[in-house]
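Beneath this line is the structure, given in structure tokens, with notes to follow.
Residue numbers (our numbering): 36 to 359.
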């Protein structure tokens with residue numbers, strides 16, 4: 036839904052009603068992942084934004100979205116493999132998708148404004164929506180990092196608390212999907228299905244060393260969906276013109292920048308400085324962060340020398356084992 040968030044927020048701010056269709060589950064081959072969304076304005080022009088299937092079932096979802104606006108009732112619809120009828124509604128790719136279609140306006144989704152603002156600021160936020168089961172189908176809750184949350188899923192505080200915990204865990208991993216609970220939030224129950232749509236900021240790739248290899252790494256990182264930062268202490272080399280694919284180019288001592296910048300379990304650190312006066316203090320910091328990958332360029336001889344220097348600096352074998 037991230038790709039249509041700006042547009043539907045404008046509809047929401049204008050007081051319009053629109054149908055929102057979201058892919059909540061996929062089986063086998065499917066053209067779009069969970070979280071992909073299509074929205075249809077209830078205004079006279081019935082403007083459409085987004086996609087749930089790359090074209091296979093868009094027509095049917097369009098009609099269902101308008102129907103949801105008229106009736107006010109959400110619906111969970113399954114679309115499967117097309118048969119031999121050329122007009123059959125289905126997925127020619129052989130997969131199956133579940134699509135949750137709901138009417139949205141300021142009264143039904145009062146949290147949309149704060150969700151859109153958080154995404155715009157690059158802050159992690161998840162939206163949990165009841166899509167099946169007893170109680171309030173369509174009820175939702177916006178969950179932020181820390182203890183912040185708004186809205187309720189309508190089955191008391193136990194369900195809200197259970198979903199908050201799971202949503203924050205999924206948000207930390209950038210995961211979107213369905214979680215099942217008992218009617219009052221019991222972990223072993225499955226009567227109630229909640230779809231958690233995570234709006235996590237892109238994972239970070241930190242590239243240290245403003246060399247030609249760094250330009251290639253930045254290009255690949257951007258293609259893979261990372262927010263790429265290139266850092267080097269040498270102002271003459273660390274320029275945006277040399278690294279057009281990087282989101283940020285920072286002039287600072289690498290170890291000082293790394294110590295001050297946020298690093299989480301999705302962060303990738305690439306050390307291309309290839310100079311002990313940069314490498315060693317930088318890796319002292321890097322190997323004590325929760326980054327999921329820490330790699331340093333160099334020959335076998337350079338690597339062995341680097342490890343010896345890091346041991347002298349007090350790093351343990353367990354910490355050094357993280358270095359790639």
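A virtual CB, placed ideally from N, CA and C, is assigned to each residue, including glycine. Values in this document were obtained by computation on a predicted structure and should not be read as measured data.
Neighbourhood of residue i by C-beta distance below 7 Å, restricted to the same chain and skipping five residues each side
i	result
residue 253	242, 263, 265, 278, 280 and 281
residue 333	309 and 341
residue 228	166, 167, 168, 213 and 215
residue 36	57, 70, 72 and 232
C-alpha distance - residue i paired with residue j, whole-angstrom precision
i	j	result
residue 19	residue 355	This structure cannot settle anything about residue 19, because the visible part of the chain is limited to 36 through 359.
residue 95	residue 192	37 Å
residue 273	residue 49	44 Å
residue 139	residue 154	19 Å
residue 239	residue 183	24 Å
residue 144	residue 288	46 Å
residue 358	residue 328	8 Å
residue 217	residue 45	36 Å
residue 169	residue 224	12 Å
residue 200	residue 301	19 Å
residue 323	residue 245	23 Å
residue 336	residue 343	11 Å
residue 210	residue 89	22 Å
residue 156	residue 303	21 Å
residue 338	residue 161	41 Å
residue 283	residue 261	12 Å
residue 226	residue 312	59 Å
residue 208	residue 91	30 Å
residue 142	residue 47	10 Å
residue 352	residue 188	47 Å
residue 326	residue 219	36 Å
residue 16	residue 203	Outside the displayed range of the chain (36 to 359) lies residue 16, so it cannot be described from this structure.
residue 78	residue 236	32 Å
Nonlocal neighbours in the same chain, by C-beta distance under 6 Å from residue i, ignoring five residues either side
i	result
residue 85	39, 72, 73 and 74
residue 186	146, 175, 176 and 177
residue 290	316, 317 and 320
residue 65	130 and 132
residue 109	137, 172 and 173
residue 107	138
residue 180	159
residue 330	305 and 359
residue 250	278
residue 286	270 and 273
residue 298	324 and 326
residue 100	54, 56, 75 and 136
residue 43	74
Residues sharing a beta bridge with residue i, DSSP
i	result
residue 61	132
residue 76	53
residue 228	167 and 215
residue 100	For residue 100, which the question treats as bridged, DSSP gives no partner whatsoever.
residue 262	239
residue 267	286
residue 83	75
residue 233	161
Outcome for residue i when other beta-carbon atoms lying within 10 angstroms are tallied against a minimum of 16
i	result
residue 137	buried
residue 148	exposed
residue 166	buried
residue 196	exposed
residue 350	buried
residue 232	buried
residue 52	buried
residue 255	exposed
residue 314	buried
residue 113	exposed
residue 347	exposed
residue 41	exposed
residue 295	exposed
residue 152	exposed
Chain-order list of residues whose beta-carbon lies under 8 Å from that of residue i (same chain, five-residue window excluded)
i	result
residue 87	56, 57, 58, 67, 71, 72, 73, 93, 96, 132 and 134
residue 62	130, 131 and 132
residue 82	75 and 76
residue 103	54, 109, 110, 136, 137 and 138
Min CB distance residue i to chain B below 9 Å
i	result
residue 97	As a matter of chain content, chain B is missing from the structure shown, which is built from one protein chain.
Minimum length 3: unbroken beta strand (DSSP E) runs contained in the region 110-194: 110-114, 131-139, 160-167, 175-179 and 184-186
Ignoring anything shorter than 4 residues, give me the alpha helix (DSSP H) runs that lie fully in the region 303-358, in order along the chain. 311-321, 335-347 and 352-355
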